[in-house]
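These notes are about the structure you will find just below.
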Amino acid sequence: MPVIAGSLLLIGAGVVHLGVTSDLFRVTLGLLTLLAGFEILYAALESAILVTGLLAVVNLGLGVLGAYLMVAGSTPLESEEEL
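For any residue, its number in the numbering used here is found by taking its place in the sequence shown, counting from 1, and adding 27.
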């Protein structure tokens, strides 16, 4: 029962975090928090190793995608000084 309450708390915190901000870093953290809560809830119900591995791949992919989007959006390709 404490595992379910903790996972629902994480899911709720992730949803609130997503609803409050539009910053890319904070949205990525909100999605990772939401996914962590879902993973904890799912791990309490199911113990399949393949699904756990797939959730880990989704988690890593989301982190890499968020990092790429933050780096790609922060630096311009051409500056006005070069033109």
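Backbone N, C-alpha and C define an ideal beta-carbon position, used for all residues, glycine too. If you're wondering where the values come from, they're calculated on a predicted model, not measured in any experiment.
1) Of all the options V91, A70, A99, which has the alpha carbon lying nearest to the alpha carbon of I31?
2) Does DSSP put A75 in a helix, a strand or coil?
3) Do G45 and I67 have their C-beta atoms closer together than 8 Å?
4) Do you know offhand how far L59's Cα is from T102's?
5) Quick one: residues in its chain with C-beta nearer than 6 Å to the C-beta of L82, no 5 flanking neighbours on either side, listed in chain order?
6) I'd like to check one pair, G57 with L35: are the Cβ atoms closer than 8 Å?
7) Quick one: give me the first and last residue of the alpha helix (DSSP H) that S34 is part of.
8) Using the Cα positions of V42 and S74, report the straight-line distance between them to the nearest angstrom.
Looking at the coordinates:
1) Indexing the sequence shown from 1 puts residue 31 at position 4. Ranked by Cα distance from I31, the first of V91, A70, A99 is A70.
2) Numbered from 1 along the sequence shown, position 48 holds the residue referred to as residue 75. A75 falls in the coil class under three-state DSSP.
3) In the sequence shown, the residue the question calls residue 45 occupies position 18. In the sequence shown, the residue the question calls residue 67 occupies position 40. Inspection of the sequence shows that residue 45 is occupied by Leu rather than by Gly. No, these two residues do not count as a Cβ contact at 8 Å.
4) Within the sequence shown, numbered from 1, the residue matching residue 59 stands at position 32. Within the sequence shown, numbered from 1, the residue matching residue 102 stands at position 75. About 24 Å.
5) One-based indexing of the sequence shown puts residue 82 at position 55. Taken in chain order, the residues that qualify are E66.
6) Here the question's residue 35 lines up with position 8 in the sequence shown. Here the question's residue 57 lines up with position 30 in the sequence shown. Not a contact, by the Cβ cut-off of 8 Å.
7) Counting from 1 along the sequence shown, the entry for residue 34 is found at position 7. That run of the alpha helix (DSSP H) goes 29-47.
8) Locating residue 42 in the sequence shown gives position 15, where the first residue counts as 1. Locating residue 74 in the sequence shown gives position 47, where the first residue counts as 1. If I take the Cα positions, the gap works out to 25 Å.
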